[in-house]
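Chains as they are written, first to last, in our numbering: chain A, 30 to 124; chain B, 27 to 356.
Think of the CB as a built atom: it goes at the ideal place given N, C-alpha and C, for glycine as much as any other residue.
Below is one structure, written out as structure tokens, with a few remarks after it.
Structure (structure tokens):
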């Protein structure tokens, strides 16, 4: 039997406490333990992180770029959601 | 995450007919927007990038061989630790690049198989042997120097995953060049034999390094579309000239002479080098360089000897998954 292709994992690294884990790339590993070890070797050779998450790539549901308009345009037209939409006289000071 | 949900090949072929989509795509490129894996792209853009990024990845992996040759014989522990770290970096670079190439829809296994079968190319430079310790210095200084020249503009490549991989690679590559130059500096300040070794290495590597930038602009096949798609920001000859201009003063500082007696400096400061022997370049690309067969044989051997590890890891993962299902059913 041919060896199946090694599954793909997405790697997230927290560079400092207080910051969120950030996507840094992907790698191949046959299980979660090996994925963590490989992530350490591939993505933290120069002290880039304090904590690593690995997630099977198949577990991620992504939005379709073709739906970009429908998904995100409604937010763009609602400028009243931003503080700069409102006028406050200068005499009032910083608000 | 990108490979699973890719547009299938069939939709791409239909897309190719779609002039409106192609025009829209070009407009995004012209507006300096980055293209991401799930975005529509012309089939030829996908193909060009898959070829370029995978070749780049193969080069990093094959590039471990000439330098790995000297790890056990590095002259001091400091040099050995640095060389080991550098070779590990090359491996990491190969892996970032395979991951970027895979986002275009070809699996790493397929890409690696194409290289092992001799169908995919890697950089001509790694088909030259590393005969002395000075070659390790020269590779860091010149080969990595040339690679940096080529890779910095790729950090702004239109394809997002490739550009991001290049940013990481470039950050790490600067250590490589500096460690190489330091080796050369030590040799050039050393005994007569050490100086001779440095001169010999420069003499052997200079022309192959200039060839790394690829054929002259007049003869380059891929440049036009790659430039239009902003995969490529500078031409081969432009990058080569930048490299020569940056390198000549570094060689002068070392007290080494570039093996090109006809080289002159223009009034505008550019160093004009002699005609490059392109027949040698073509021979090396065609598989007839000094080490082509060795390199491929070494890669094939490593791949074959690692087969049982891949099999064992896969069956262990399958066994654990089965056990988890069984436990969940209890």
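| query | result |
| --- | --- |
| Just the C-alpha distance for residue 122 of chain B and residue 55 of chain A, rounded to the nearest angstrom, thanks. | 8 Å |
| Identify every residue that forms a DSSP beta bridge with residue 129 of chain B. | Looking at the DSSP assignment, residue 129 of chain B forms no beta bridge with any residue, so it has no partner. |
| Report the three-state DSSP secondary structure of residue 351 of chain B (helix, strand or coil). | helix |
| Using 8 Å as the threshold, is the region 187 to 203 of chain B in touch with the region 260 to 270 of chain B, meaning 3 or more CB pairs across them? | no |
| By the criterion of Cβ-Cβ separation under 7 Å, what are the contact partners of residue 65 of chain B in chain A? | 94 |
| What are the start and end residues of the alpha helix (DSSP H) that includes residue 54 of chain B? | 45 to 56 |
| May I have the straight-line CA-CA distance separating residue 219 of chain B from residue 134 of chain B, to the nearest angstrom? | 45 Å |
| Check the Cβ-Cβ distances between residue 339 of chain B and every residue of chain A, and say whether any is below 8 Å. | yes |
| Does residue 44 of chain A come within less than 8 Å of chain B when only Cβ atoms are used? | no |
| For residue 28 of chain B, which residues from the same chain have a beta carbon less than 6 Å from its beta carbon, with the 5 sequence-adjacent residues on both sides left out? | Model confidence at residue 28 of chain B stands at a pLDDT of 39, short of 50, so the residue's coordinates are unreliable and nothing is read from them. |
| Is there contact between the region 143 to 151 of chain B and the region 68 to 85 of chain B, where contact requires at least three CB pairs shorter than 8 Å? | yes |
| Would you grab the beta carbon distance between residue 76 of chain B and residue 132 of chain B for me? Rounded to a whole angstrom, and I think it's under 8 Å. | 6 Å |
| When the Cα atoms are used, what is the spatial distance from residue 254 of chain B to residue 62 of chain A? | 44 Å |
| Quick check: the region 269 to 278 of chain B against the region 288 to 299 of chain B, are at least 3 beta-carbon pairs closer than 8 Å? | yes |
| For a contact meaning CB atoms closer than 7 Å, what does residue 63 of chain A contact in chain B? | 339 |
| Please report how far the alpha carbon of residue 34 of chain B lies from the alpha carbon of residue 65 of chain A, in whole angstroms. | The pLDDT assigned to residue 34 of chain B is 42, lower than 50, so where the model puts this residue is not dependable; a value taken from the coordinates is nonetheless given after this. The straight-line gap from Cα to Cα measures roughly 31 Å. |
| Hey, does residue 265 of chain B have any beta-carbon neighbour from chain A nearer than 8 Å? | no |
| Using 8 Å as the limit for Cβ to Cβ distance, is residue 50 of chain A near chain D? | No chain D appears in the structure shown, which is made up of the protein chains A and B. |
| Return the bridge partner residues of residue 43 of chain A from the DSSP annotation. | A:80 |
| Indicate whether residue 210 of chain B and residue 167 of chain B have their beta-carbon atoms separated by less than 8 Å. | yes |
| First and last residue of the alpha helix (DSSP H) that includes residue 197 of chain B? | 186 to 214 |
| Would you call residue 114 of chain A buried or exposed, if buried means 16 or more other Cβ atoms sit within 10 Å of its Cβ? | exposed |
| For residue 52 of chain A, which of A:36, A:78 and A:33 has the nearest alpha-carbon? | A:78 |
| Just to confirm, is the Cβ distance from residue 35 of chain A to residue 336 of chain B under 8 Å? | yes |
| Kindly indicate if chain A contains any beta-carbon less than 8 Å away from that of residue 31 of chain B. | Note that residue 31 of chain B has pLDDT 36, beneath the 50 cutoff, so the model's placement of it is unreliable and no number is given. |
| The alpha helix (DSSP H) with residue 85 of chain B in it runs from where to where? | 69 to 88 |
| Beta-carbon within less than 6 Å of residue 30 of chain B's beta-carbon, same chain only, minus the 5 sequence neighbours each way: which residues are those? | Its pLDDT being 33, under 50, residue 30 of chain B is placed unreliably by the model, and the measurement read from it follows with that caveat. Cβ neighbours of residue 30 of chain B beyond the five flanking positions: none. |
| Quick check: is the beta carbon of residue 336 of chain B nearer than 8 Å to any beta carbon in chain A? | yes |
| With which residues is residue 291 of chain B paired in a DSSP beta bridge? | B:297 |
| In this structure, how does DSSP classify residue 56 of chain A when only helix, strand and coil are distinguished? | strand |
| If I follow the unbroken alpha helix (DSSP H) through residue 329 of chain B, where does it start and stop? | 318 to 331 |
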